[in-house]
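**Student:** Sequence lines, in order, name chains A and B.
Using our numbering, the letters of the first sequence map in sequence onto residues 1388 to 1594.
Using our numbering, the letters of the second sequence map in sequence onto residues 1388 to 1594.
The beta-carbon is built from N, C-alpha and C at its ideal position, and this holds for glycine as well.
Number of protein chains: 2
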Amino acid sequence: MTIRSALLALLEHKPMYGYQLRAEFERRTGATWPLNVGQVYTTLSRLERDGLVEGTGVDEDGHGMYVVTAAGREEAAAWFTTPVARSQPPRDELAIKLALAVTVPGVDVGTVIQHQRSATMTALQDYTRLKRQASSGTADSDLAWSLVLDSLVFSAEAEIRWLDHCEARVRRAAAERADDPVAPAAGPSAGPSAGNPSAATVEEVSR
Amino acid sequence: MTIRSALLALLEHKPMYGYQLRAEFERRTGATWPLNVGQVYTTLSRLERDGLVEGTGVDEDGHGMYVVTAAGREEAAAWFTTPVARSQPPRDELAIKLALAVTVPGVDVGTVIQHQRSATMTALQDYTRLKRQASSGTADSDLAWSLVLDSLVFSAEAEIRWLDHCEARVRRAAAERADDPVAPAAGPSAGPSAGNPSAATVEEVSR
DNA sequence: CCGCGCGTGTATACGTGGTATACATACCCG
DNA sequence: CGGGTATGTATACCACGTATACACGCGCGG
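Given below as structure tokens:
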């Protein structure tokens, strides 16, 4: 319920109308997670249904304004103090992909890792490029957007470290299997510790 | 479309029925992202609708079996080779929360950070505890599940580093504002790296 | 023996997230 | 004056996630 809570928090600051909420959200987070306008309106009506905000007619310009209720203020405060649950983390597509890549035969894990690695590297470069032009002002929103950017950088770096780690472990697992006494050694398999460092295919890893 | 692709990849391995798919998915990823059974069936029908899998009646035990089609095999291969798009990363609830915390008045950012930090630390301890009992066998699925676990560890560590980084930057920003009549006074006074034991390698990250 | 819990297995409903799009107004500019 | 663009509201539609209904088989104790 990320969007829901975020809109609630923004409304706690001051009453707003739909379009304005979207603008404020994006101003604080950069264009990192573009928020679709439609979602704002549907979420607002759900918030009103649940008694967390209240639509107070239209203002002088004809905008449908919303104010947060007491219950809403309470829930917003709870959102800020309650840490996000790491016990059930959001699905990580990359982790799932690699987990399947090492278990499903016929997939070249090394290639998957390298493709992802270079993609993440370019993203990282984009972030650092953005950072130069983002750290100009001293406004709150600049600080927030800069922190969000840092978050992206940190997680991208972690992802690269993890990919390297995976490559090493996959290679090691392949090696263990190769000189496993009972291993059928289907073909010389070009020696996992041979020239190409990224040549660990599933044929070597699994089965 | 994570689930969709994952199921497709599993079916590429061998034909299966719904419940079995869920079991295979969880065996490879541990219980990290428990996959709801219902989702399997709805996803399977969507896959069939799109011509990527084909339901081949029931087997001798009455299970509704599914096989992947040529188009499905193609899409699965594409999924493995195409890196996950970092250009539009999934919404990060924590990053959003902090970005709003520093921009909405009346929120104690320090408290938010500390709560999250301790929550992430406990999660990290849980992971390392799990790791000991997970690295026993040598089967494919053990390697996969172990890699997934490593992914969680890496990202939790990154999160903690980021939180420390945020704390330092927020403190610095507050200090600048405090002794900032007009000109940026020289001394950062309190010193951002006061007593923090986990002093993140903030590198040349920002400012 | 029979009911009961439990694991296995399939299917559907419902709320939310996310995206596209329809629709309306205002304002600038050629 | 007519069209493009920015602002603003609203709705439709699909995908995801969870809960739940429903059915079957099997072991176990009263």
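1. Let me check one thing: in DSSP terms, what residues is G1442 (chain B) bridge-paired to?
2. Mind checking if A1572 (chain A) is an interface residue toward chain B, Cβ cutoff 9 Å exclusive?
3. Is A1472 (chain B) near A1545 (chain A), with beta carbons less than 9 Å apart?
4. So which residues on chain B does A1543 (chain A) lean against when the C-beta distance must stay under 8 Å?
5. Grouping DSSP H, G and I as helix and E and B as strand, with all else coil, what is M1388 (chain A)?
6. Just how far apart, CA to CA, sit L1398 (chain B) and L1431 (chain B)?
7. How about L1534 (chain A) and A1486 (chain B): are their beta carbons less than 9 Å apart?
8. Counting only Cβ-Cβ distances shorter than 9 Å, please list the residues of the stretch 1479-1490 of chain B near chain A, keeping chain order.
9. Please report whether the beta-carbon of S1392 (chain B) lies at a distance below 9 Å from any beta-carbon of chain A.
10. Which runs of the alpha helix (DSSP H) fall wholly inside the stretch 1484-1555 of chain B and span at least 4 residues, in chain order?
11. Could you run through the stretch 1421-1432 of chain B and flag, in chain order, every residue whose CB is less than 7 Å away from some CB of chain A?
12. Who are Y1404 (chain B)'s beta bridge partners in DSSP?
13. May I have the straight-line CA-CA distance separating V1440 (chain B) from R1433 (chain B), to the nearest angstrom?
14. Is S1474 (chain A) helix, strand or coil when you go by DSSP?
15. Just to confirm, does L1422 (chain A) get its C-beta within under 8 Å of one of the non-hydrogen atoms of the ligand FMN?
16. Thinking C-beta only, is L1530 (chain A) closer than 9 Å to V1557 (chain B)?
17. Counting C-beta neighbours from all protein chains within 10 Å, is the total for E1447 (chain B) 16 or more, i.e. buried, or is it exposed?
18. Would P1402 (chain B) pass as an interface residue toward chain A - the criterion being a Cβ-Cβ separation below 9 Å?
19. Can the beta-carbon of K1484 (chain A) be found closer than 9 Å to that of V1499 (chain A)?
20. By the 9 Å beta-carbon criterion, what residues does the stretch 1543-1560 of chain A contribute toward chain B?
21. Do T1468 (chain A) and A1482 (chain B) have their beta-carbon atoms positioned less than 9 Å apart in this structure?
22. V1445 (chain A): buried (16+ other C-beta within 10 angstroms of its C-beta) or exposed?
23. Residues of chain A with a CB under 7 Å from the CB of R1399 (chain B): which are they?
24. Within 10 Å of its beta-carbon, does M1403 (chain A) have 16 or more other beta-carbons around it, so buried, or fewer, so exposed?
25. Compare the C-beta of R1415 (chain A) with all C-beta atoms of chain B and state if any pair is closer than 9 Å.
26. For S1505 (chain A), does the count of other Cβ atoms within 10 angstroms reach 16, so buried, or fall short, so exposed?
27. Is there a C-beta anywhere in chain A that falls below 9 Å from the one on H1450 (chain B)?
28. So which residues on chain A does T1468 (chain B) lean against when the C-beta distance must stay under 8 Å?
29. Look at the Cβ atom of A1394 (chain A), then the Cβ atom of F1412 (chain A), and state whether they are nearer than 9 Å.
30. Using a Cβ-Cβ distance cut-off of 9 Å, determine whether L1534 (chain B) contacts chain A.
31. Give me, in chain order, the residues of the same chain whose beta-carbon lies closer than 7 Å to that of A1457 (chain A); leave out the 5 immediate sequence neighbours on both sides.
32. Does any residue of chain A bring its CB to less than 9 Å from the CB of Q1407 (chain B)?
33. Which of the three DSSP states is assigned to L1397 (chain B) in this structure?
**Tutor:** Inspection of the coordinates gives the following:
1. B:Y1453
2. Here the model assigns A1572 (chain A) a pLDDT of 46, short of 50, so the residue's position is not dependable, and the following value carries that caveat. So, not an interface residue.
3. no
4. R1473
5. coil
6. 10 Å
7. yes
8. D1479, E1480, L1481, A1482, I1483, K1484, L1485, A1486, L1487, A1488, V1489, T1490
9. yes
10. 1496-1521
11. none
12. B:M1452
13. 9 Å
14. coil
15. Absence of the ligand FMN is noted for the structure shown, with no ligands found whatsoever.
16. yes
17. exposed
18. no
19. yes
20. A1543, E1544, A1545, E1546, R1548, W1549, H1552, C1553, R1556, V1557, A1560
21. no
22. exposed
23. Here residue 1399 (chain B) is Glu; the residue named in the question, Arg, does not match the sequence. The contacting residues are V1491.
24. buried
25. yes
26. exposed
27. no
28. T1498, V1499, H1502
29. Just to set this straight, residue 1394 (chain A) is Leu in the shown sequence, not Ala. The answer is yes: Cβ separation under 9 Å.
30. yes
31. none
32. no
33. helix
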